[in-house]
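The structure appears below as structure tokens.
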DNA sequence: GTACATTGTGGGTAGAAGTGGGGGAATGTG
DNA sequence: CACATTCCCCCACTTCTACCCACAATGTAC
């Protein structure tokens, strides 16, 4: 299981391509070395899954019953804004136009390694979300979320 | 198992033909490379099944008991509005007039990859259904449906 | 520091993809 | 049988994409 970490800013060229950060590339599972699925994230950023990790998401999706309305809605809206992309010979990722527009990515893109996936942000959107969270409230949030997973039982 | 994803808008020409999106074509099972079944969807859109996936639908249909009224009604109305179509040499799909009319498709068509099938929407109908689902209720729905299948991690 | 490899960036170009239309074969109708 | 209609093949054109080469900046080895 790859574990992506770190933050890297790169230029998006006029053709919508971005260099894939070398350090993240070193964390890739060799079997999926060049294939990704990119899609809208739950925040205003894009998620980038290497193929092996994406497969796990698809396995879950494939169990949804398409003959129920709810199943169809979920499947449609999840897959709708997803595309497969590959690195080119210079290790660049093409950002699909629609997705880049939606995420406000233009000129610069920031890659954030986030465990099994990578997030891609526009600098502006990232700033906005950063400044919406003070360090103090982040500390509080961190303690609460991480606290859930140890034996601490204070509520 | 193909897995269609992504959303692509194309023009419908005066003869009722639409280019089949190249990225979806790459997800086709080669053995069914050019044959599809197209039919009325359960939402106001058309469903497009490559031949191999359609076979699975037929298998399900064949298990319906024709000696019940409900069974007959389902079968009749499901197959009634289904047609076989193939890509032409320029990778275009002919949209049968009656089906296109029913789905309100005219001028522009939006393809949405949705796992084992492809949905074809008119831009207007798609907008309408989009605005009927808030992001919050979608998140709730998503968590509920995806959560149902979360228990089986062992293989 | 110098030599060399890797990484990040930009751009040219051939081929693919998307779009539109002409014309002949097949089909249907009076 | 004449005629209209539809379907499918071919051709033409524009736009986009993938692949190629180039080069500057950075990092690494010695």
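Chains as they are written, first to last, in my numbering: chain A, 74 to 228; chain B, 74 to 228.
Note that CB positions come from ideal geometry on N, CA and C, so glycine has one too.
| Asked | Found |
| --- | --- |
| Please classify residue 80 of chain B as buried or exposed, where buried requires at least 16 other C-beta atoms within 10 Å of its C-beta. | buried |
| Measure the alpha-carbon distance for residue 195 of chain A versus residue 173 of chain A and round it to whole angstroms. | 9 Å |
| Output the distance between the C-alpha atoms of residue 152 of chain A and residue 138 of chain B, rounded to the nearest integer angstrom. | 33 Å |
| Let me confirm a value: residue 191 of chain A is counted as buried when at least 16 other C-beta atoms fall within 10 Å, else exposed. Which label applies? | buried |
| Since residue 118 of chain A and residue 193 of chain A should fall inside the 8 Å C-beta cutoff, what is the C-beta to C-beta distance between them, to a whole number of angstroms? | 6 Å |
| In this structure, how does DSSP classify residue 135 of chain B when only helix, strand and coil are distinguished? | helix |
| Do you know whose CA, among B/96, B/202, B/181, B/126, lies nearest residue 108 of chain B's CA? | B/126 |
| Which bits of chain A does residue 211 of chain B rub up against, with CB to CB less than 9 Å? | 146, 147, 150 |
| Strictly below 7 Å CB to CB, what residues from chain A border residue 185 of chain B? | 149, 153 |
| Using only alpha-carbon positions, find the residue among B/154, B/93, B/103, B/170 that is nearest to residue 87 of chain B. | B/170 |
| Roughly how many angstroms separate the alpha carbons of residue 147 of chain B and residue 160 of chain B, rounded to a whole number? | 29 Å |
| Taking all protein chains shown into account, do 16 or more other C-beta atoms lie within 10 angstroms of the C-beta of residue 205 of chain B, making it buried, or fewer, making it exposed? | exposed |
| What are the start and end residues of the beta strand (DSSP E) that includes residue 182 of chain B? | 181 to 187 |
| Spell out whether any CB of chain A is found under 7 Å from the CB atom of residue 188 of chain B. | yes |
| What does residue 124 of chain A reach in chain B if we use C-beta pairs closer than 8 Å? | Residues of chain B passing the Cβ test: none, with the nearest at roughly 12 Å. |
| Cβ closer than 7 Å: which chain B residues qualify as neighbours of residue 131 of chain A? | 76 |
| For residue 178 of chain A, count the other beta carbons within 10 Å of its own beta carbon; 16 or more makes it buried, fewer makes it exposed. Which is it? | buried |
| Got a sec: which bits of the segment 78 to 99 of chain B sit with their beta carbon under 7 Å from any beta carbon on chain A, in order along the chain? | 78, 79, 80, 96 |
| Hey, how far is the Cα of residue 130 of chain A from the Cα of residue 132 of chain B? | 26 Å |
| Say whether chain B places a C-beta atom closer than 7 Å to the C-beta of residue 156 of chain A. | yes |
| At a CB-CB cut-off below 8 Å, which residues of chain A make contact with residue 192 of chain B? | 149 |
| Check residue 210 of chain B in the structure and name its three-state DSSP category. | helix |
| Closer than 9 Å by beta-carbon distance: list the chain A residues that pair up with residue 206 of chain B, in chain order. | 146, 150 |
| State buried or exposed for residue 121 of chain A, treating a residue as buried only when at least 16 other CB atoms are found within 10 Å of its CB. | buried |
| Do residue 149 of chain A and residue 135 of chain B count as a contact pair if the criterion is CB distance below 7 Å? | no |
| Using the Cα positions of residue 83 of chain B and residue 198 of chain A, report the straight-line distance between them to the nearest angstrom. | 30 Å |
| Less than 7 Å between the beta carbons of residue 180 of chain A and residue 91 of chain A, yes or no? | no |
| Distance cutoff 7 Å, beta carbons only. Does residue 143 of chain A sit that close to anything in chain B? | yes |
| Does any residue of chain A bring its CB to less than 7 Å from the CB of residue 215 of chain B? | yes |
| Should residue 184 of chain A go down as buried or exposed, given a rule of 16 or more other Cβ atoms within 10 Å for buried? | buried |
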